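Structure, as C-alpha coordinates:
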Amino acid sequence: MIWFIAAMKCEAEPLSGLMGDNVTCILTGIGPDNAFYSVKKLIDSGKVSPFDKILNVGVCGAGDDIPKGSIHFINKITDMRSGKEYYPDLSLFPGDIDEGHIFTSDDIVTLTKPGELYDEEASAIFEAGQKFFSPDSMLFIKIVSDHGKDIPADEMMKGIISKHKDTIKSALERLSARSSEQEKLLSVPDLRDKLCLTEAMNNDMKNLLRYAKASGKLKAVEDYITELEEKGELPAKNKKEGAVYARRIKDMLTE
(Lines of atoms letter the chains of each structure in order from A; the text may use other names.)
(Lines give C-alpha, C1' and ligand atoms only; values in the text may rest on other atoms or scores of the structure.)
Protein backbone atom coordinates (compact mmCIF):
# COMPACT_ATOMS: atom_id res chain seq x y z
CA MET A 20 0.00 0.00 0.00
CA ILE A 21 1.14 3.54 -0.80
CA TRP A 22 -0.17 6.06 1.71
CA PHE A 23 -0.58 9.30 -0.24
CA ILE A 24 -0.45 12.15 2.26
CA ALA A 25 -1.46 15.74 1.56
CA ALA A 26 -2.35 18.60 3.85
CA MET A 27 -5.14 20.09 1.74
CA LYS A 28 -7.82 18.80 -0.60
CA CYS A 29 -6.57 21.06 -3.39
CA GLU A 30 -3.21 19.26 -3.26
CA ALA A 31 -4.78 15.83 -3.66
CA GLU A 32 -7.60 16.55 -6.13
CA PRO A 33 -5.38 16.97 -9.23
CA LEU A 34 -3.96 13.50 -8.55
CA SER A 35 -7.22 11.73 -7.74
CA GLY A 36 -6.83 9.57 -10.84
CA LEU A 37 -3.75 7.99 -9.28
CA MET A 38 -5.65 6.68 -6.28
CA GLY A 39 -6.82 3.07 -6.26
CA ASP A 40 -6.71 -0.24 -4.45
CA ASN A 41 -3.00 0.15 -3.76
CA VAL A 42 -2.98 3.92 -3.11
CA THR A 43 -4.90 5.48 -0.24
CA CYS A 44 -5.16 9.23 0.29
CA ILE A 45 -4.95 10.81 3.74
CA LEU A 46 -5.70 14.51 4.21
CA THR A 47 -3.96 15.70 7.36
CA GLY A 48 -5.01 19.31 7.55
CA ILE A 49 -2.54 22.20 7.61
CA GLY A 50 0.32 22.43 10.10
CA PRO A 51 2.83 20.15 11.80
CA ASP A 52 0.58 19.07 14.65
CA ASN A 53 -2.19 17.92 12.32
CA ALA A 54 0.34 16.13 10.12
CA PHE A 55 2.06 14.39 13.04
CA TYR A 56 -1.11 13.06 14.63
CA SER A 57 -2.59 11.95 11.30
CA VAL A 58 0.45 9.80 10.56
CA LYS A 59 0.62 8.56 14.15
CA LYS A 60 -3.05 7.58 13.94
CA LEU A 61 -2.37 5.67 10.73
CA ILE A 62 0.47 3.70 12.31
CA ASP A 63 -1.47 3.04 15.51
CA SER A 64 -4.41 1.73 13.46
CA GLY A 65 -2.48 -1.41 12.56
CA LYS A 66 -3.37 -1.00 8.88
CA VAL A 67 0.22 -0.56 7.69
CA SER A 68 2.42 -3.44 6.57
CA PRO A 69 6.24 -3.70 6.53
CA PHE A 70 6.26 -3.08 2.77
CA ASP A 71 4.07 0.04 2.69
CA LYS A 72 5.36 3.45 1.57
CA ILE A 73 4.51 7.07 2.31
CA LEU A 74 4.27 9.63 -0.50
CA ASN A 75 3.79 13.23 0.63
CA VAL A 76 2.91 15.65 -2.14
CA GLY A 77 2.23 19.31 -1.50
CA VAL A 78 2.99 22.91 -2.28
CA CYS A 79 5.70 24.92 -0.57
CA GLY A 80 7.19 28.39 -0.39
CA ALA A 81 10.65 29.31 -1.64
CA GLY A 82 13.04 32.20 -2.12
CA ASP A 83 12.85 34.34 -5.26
CA ASP A 84 15.66 32.34 -6.87
CA ILE A 85 13.48 29.23 -7.17
CA PRO A 86 10.77 29.45 -9.87
CA LYS A 87 7.12 29.08 -9.00
CA GLY A 88 5.80 25.78 -10.27
CA SER A 89 9.14 23.98 -9.99
CA ILE A 90 9.10 20.47 -8.53
CA HIS A 91 11.56 19.16 -5.95
CA PHE A 92 12.23 15.75 -4.40
CA ILE A 93 13.24 16.40 -0.80
CA ASN A 94 16.55 14.97 0.41
CA LYS A 95 16.77 16.90 3.68
CA ILE A 96 14.14 18.20 6.10
CA THR A 97 14.81 20.64 8.93
CA ASP A 98 12.28 21.20 11.70
CA MET A 99 12.56 24.89 12.58
CA ARG A 100 10.94 24.39 15.98
CA SER A 101 13.23 21.66 17.27
CA GLY A 102 16.23 22.01 14.98
CA LYS A 103 16.05 18.29 14.15
CA GLU A 104 17.10 17.19 10.70
CA TYR A 105 15.76 14.25 8.70
CA TYR A 106 17.09 12.65 5.54
CA PRO A 107 14.69 10.85 3.18
CA ASP A 108 16.53 8.24 1.11
CA LEU A 109 16.20 9.00 -2.61
CA SER A 110 18.18 5.99 -3.84
CA LEU A 111 15.19 4.88 -5.93
CA PHE A 112 15.45 8.13 -7.92
CA PRO A 113 19.10 8.56 -8.96
CA GLY A 114 20.13 11.45 -11.17
CA ASP A 115 16.83 12.32 -12.84
CA ILE A 116 15.28 14.66 -10.30
CA ASP A 117 15.76 18.10 -8.74
CA GLU A 118 16.53 17.54 -5.07
CA GLY A 119 15.82 20.07 -2.36
CA HIS A 120 16.20 20.95 1.32
CA ILE A 121 12.95 21.94 3.00
CA PHE A 122 12.39 23.75 6.30
CA THR A 123 9.18 23.06 8.22
CA SER A 124 7.58 25.73 10.40
CA ASP A 125 4.10 26.78 11.44
CA ASP A 126 5.26 30.38 11.95
CA ILE A 127 5.54 33.11 9.34
CA VAL A 128 8.94 32.76 7.67
CA THR A 129 10.84 35.38 5.67
CA LEU A 130 11.95 33.63 2.51
CA THR A 131 15.32 35.25 1.86
CA LYS A 132 17.90 32.45 1.69
CA PRO A 133 18.58 31.13 -1.82
CA GLY A 134 17.91 27.50 -2.58
CA GLU A 135 15.66 26.86 0.41
CA LEU A 136 12.09 25.54 0.50
CA TYR A 137 9.53 25.98 3.27
CA ASP A 138 6.38 24.11 4.28
CA GLU A 139 4.31 23.28 7.35
CA GLU A 140 4.13 19.48 7.38
CA ALA A 141 7.20 17.61 6.07
CA SER A 142 9.20 17.29 9.30
CA ALA A 143 6.12 16.22 11.27
CA ILE A 144 5.27 13.52 8.73
CA PHE A 145 8.83 12.18 8.85
CA GLU A 146 9.03 12.38 12.65
CA ALA A 147 5.82 10.42 13.12
CA GLY A 148 6.47 8.12 10.18
CA GLN A 149 9.94 7.02 11.27
CA LYS A 150 8.39 4.99 14.08
CA PHE A 151 7.41 2.47 11.39
CA PHE A 152 8.70 3.60 7.99
CA SER A 153 12.38 3.64 7.03
CA PRO A 154 13.91 6.67 5.21
CA ASP A 155 13.72 4.88 1.85
CA SER A 156 10.00 4.26 2.39
CA MET A 157 9.05 7.93 2.71
CA LEU A 158 9.11 10.19 -0.34
CA PHE A 159 8.44 13.93 -0.20
CA ILE A 160 7.63 15.85 -3.38
CA LYS A 161 7.09 19.60 -3.19
CA ILE A 162 5.98 22.11 -5.82
CA VAL A 163 6.76 25.80 -5.29
CA SER A 164 3.55 27.82 -5.09
CA ASP A 165 4.78 31.17 -3.78
CA HIS A 166 7.70 33.31 -2.65
CA GLY A 167 6.20 34.22 0.69
CA LYS A 168 4.65 37.46 -0.50
CA ASP A 169 1.13 36.25 -1.20
CA ILE A 170 -1.23 33.41 -0.38
CA PRO A 171 -1.76 31.12 -3.39
CA ALA A 172 -5.34 30.40 -4.41
CA ASP A 173 -6.63 26.83 -4.43
CA GLU A 174 -7.06 26.81 -8.21
CA MET A 175 -3.50 28.01 -8.69
CA MET A 176 -2.19 25.20 -6.47
CA LYS A 177 -4.27 22.63 -8.35
CA GLY A 178 -2.86 23.93 -11.62
CA ILE A 179 0.83 23.69 -10.72
CA ILE A 180 0.40 20.22 -9.24
CA SER A 181 -1.49 19.04 -12.34
CA LYS A 182 1.45 20.07 -14.53
CA HIS A 183 3.65 17.57 -12.71
CA LYS A 184 1.16 14.71 -12.70
CA ASP A 185 3.31 12.52 -14.96
CA THR A 186 6.39 12.97 -12.75
CA ILE A 187 4.40 12.17 -9.62
CA LYS A 188 2.78 9.19 -11.33
CA SER A 189 6.21 7.85 -12.27
CA ALA A 190 7.45 8.25 -8.69
CA LEU A 191 4.35 6.51 -7.39
CA GLU A 192 4.90 3.62 -9.80
CA ARG A 193 8.49 3.22 -8.62
CA LEU A 194 7.37 3.13 -5.00
CA SER A 195 4.68 0.57 -5.83
CA ALA A 196 7.13 -1.61 -7.74
CA ARG A 197 9.60 -1.49 -4.87
CA SER A 198 6.88 -2.41 -2.40
CA SER A 199 5.83 -5.38 -4.55
CA GLU A 200 9.44 -6.57 -4.89
CA GLN A 201 9.94 -6.51 -1.14
CA GLU A 202 6.64 -8.22 -0.45
CA LYS A 203 7.35 -10.96 -2.97
CA LEU A 204 10.78 -11.68 -1.50
CA LEU A 205 10.04 -11.16 2.17
CA SER A 206 6.38 -11.97 2.69
CA VAL A 207 5.90 -13.83 5.96
CA PRO A 208 4.05 -16.85 4.46
CA ASP A 209 6.80 -17.31 1.85
CA LEU A 210 9.58 -17.01 4.43
CA ARG A 211 7.78 -19.48 6.66
CA ASP A 212 7.89 -22.03 3.84
CA LYS A 213 11.41 -21.16 2.70
CA LEU A 214 12.84 -21.44 6.22
CA CYS A 215 10.59 -24.28 7.48
CA LEU A 216 9.58 -22.12 10.42
CA THR A 217 7.45 -23.33 13.31
CA GLU A 218 4.47 -21.19 14.30
CA ALA A 219 6.45 -19.61 17.15
CA MET A 220 9.42 -18.91 14.88
CA ASN A 221 7.08 -17.47 12.27
CA ASN A 222 5.69 -14.99 14.82
CA ASP A 223 9.25 -14.00 15.71
CA MET A 224 9.99 -13.45 12.03
CA LYS A 225 7.00 -11.11 11.71
CA ASN A 226 8.39 -8.99 14.53
CA LEU A 227 11.88 -9.06 13.03
CA LEU A 228 10.59 -7.79 9.70
CA ARG A 229 8.72 -4.97 11.42
CA TYR A 230 11.93 -4.04 13.21
CA ALA A 231 13.95 -4.29 9.99
CA LYS A 232 11.47 -1.97 8.31
CA ALA A 233 11.54 0.66 11.04
CA SER A 234 15.33 0.57 11.42
CA GLY A 235 16.08 0.80 7.71
CA LYS A 236 17.61 -2.70 7.57
CA LEU A 237 15.06 -4.41 5.35
CA LYS A 238 17.45 -4.22 2.38
CA ALA A 239 20.04 -6.24 4.32
CA VAL A 240 17.47 -8.99 4.89
CA GLU A 241 16.52 -8.89 1.20
CA ASP A 242 20.14 -9.27 0.15
CA TYR A 243 20.68 -12.20 2.53
CA ILE A 244 17.59 -14.10 1.34
CA THR A 245 18.54 -13.45 -2.30
CA GLU A 246 22.06 -14.72 -1.64
CA LEU A 247 20.73 -17.93 -0.08
CA GLU A 248 18.40 -18.50 -3.02
CA GLU A 249 21.17 -17.92 -5.55
CA LYS A 250 23.33 -20.47 -3.72
CA GLY A 251 20.50 -22.97 -3.80
CA GLU A 252 20.28 -23.05 0.00
CA LEU A 253 16.60 -22.09 0.04
CA PRO A 254 14.16 -23.55 0.67
CA ALA A 255 15.77 -25.01 3.77
CA LYS A 256 15.94 -28.79 3.88
CA ASN A 257 14.49 -29.01 7.39
CA LYS A 258 13.51 -26.98 10.46
CA LYS A 259 16.99 -27.21 11.95
CA GLU A 260 18.61 -25.68 8.88
CA GLY A 261 15.87 -23.05 8.64
CA ALA A 262 16.41 -22.12 12.28
CA VAL A 263 20.08 -21.43 11.51
CA TYR A 264 19.13 -19.01 8.72
CA ALA A 265 16.47 -17.35 10.89
CA ARG A 266 19.04 -16.88 13.66
CA ARG A 267 21.43 -15.23 11.21
CA ILE A 268 18.70 -12.80 10.21
CA LYS A 269 18.06 -11.96 13.86
CA ASP A 270 21.78 -11.47 14.54
CA MET A 271 22.07 -9.28 11.46
CA LEU A 272 19.32 -6.99 12.72
CA THR A 273 20.33 -6.80 16.37
CA GLU A 274 24.12 -6.57 16.15
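Start counting the sequence shown at 20; every next residue gets the next number (the working numbering). Glycine is no exception: its CB is placed at the ideal position from the N, C-alpha and C atoms. Fair warning: this is a prediction, and the values are worked out from it, not measured in the lab.
Contact belief for residue i with residue j at Cβ below 8 Å, rounded distance in angstroms
i	j	result
S142	I96	5 Å
I144	V58	5 Å
D165	G80	5 Å
Y106	N94	7 Å
K213	A255	7 Å
D84	T123	The Cβ separation is near 20 Å, so there is no contact.
C29	M176	5 Å
M20	D63	M20 to D63, Cβ: 16 Å. No contact.
K232	F151	7 Å
E139	D125	5 Å
Bridge partner(s) assigned by DSSP for residue i
i	result
E104	T97
V240	Its beta-bridge partners do not exist; DSSP assigns none.
I24	I45, N75
I18	This structure cannot speak to residue 18, because the chain is shown only from 20 to 274.
F92	E118, I160
G261	None, per the DSSP bridge assignment.
G80	Y137, D165
C-alpha gap between residue i and residue j, whole angstroms
i	j	result
Y230	L237	8 Å
G148	P51	13 Å
Y264	R100	45 Å
T273	G82	44 Å
D108	L227	22 Å
L205	I170	46 Å
G178	Q201	35 Å
E241	P33	35 Å
I49	K203	36 Å
S234	M271	12 Å
K188	L37	7 Å
K103	G251	45 Å
W22	L216	31 Å
A54	L158	15 Å
D209	E246	16 Å
N257	E218	14 Å
Burial state of residue i (16 or more Cβ within 10 Å)
i	result
Y137	buried
G119	buried
S156	buried
S198	buried
A190	buried
P361	Any answer about residue 361 is impossible in this case: the structure gives the chain only from 20 up to 274.
N75	buried
T47	buried
I268	buried
S153	buried
Contained alpha helix (DSSP H) runs [length at least 4] in the stretch 40 to 66, N- to C-terminal order:
51 to 63
Which runs of the alpha helix (DSSP H) fall wholly inside the stretch 121 to 186 and span at least 4 residues, in chain order?
141 to 148, 173 to 181
Can you give, in chain order, each stretch of the alpha helix (DSSP H) that sits fully within the stretch 185 to 252 and has at least 4 residues?
207 to 214, 218 to 233, 237 to 249
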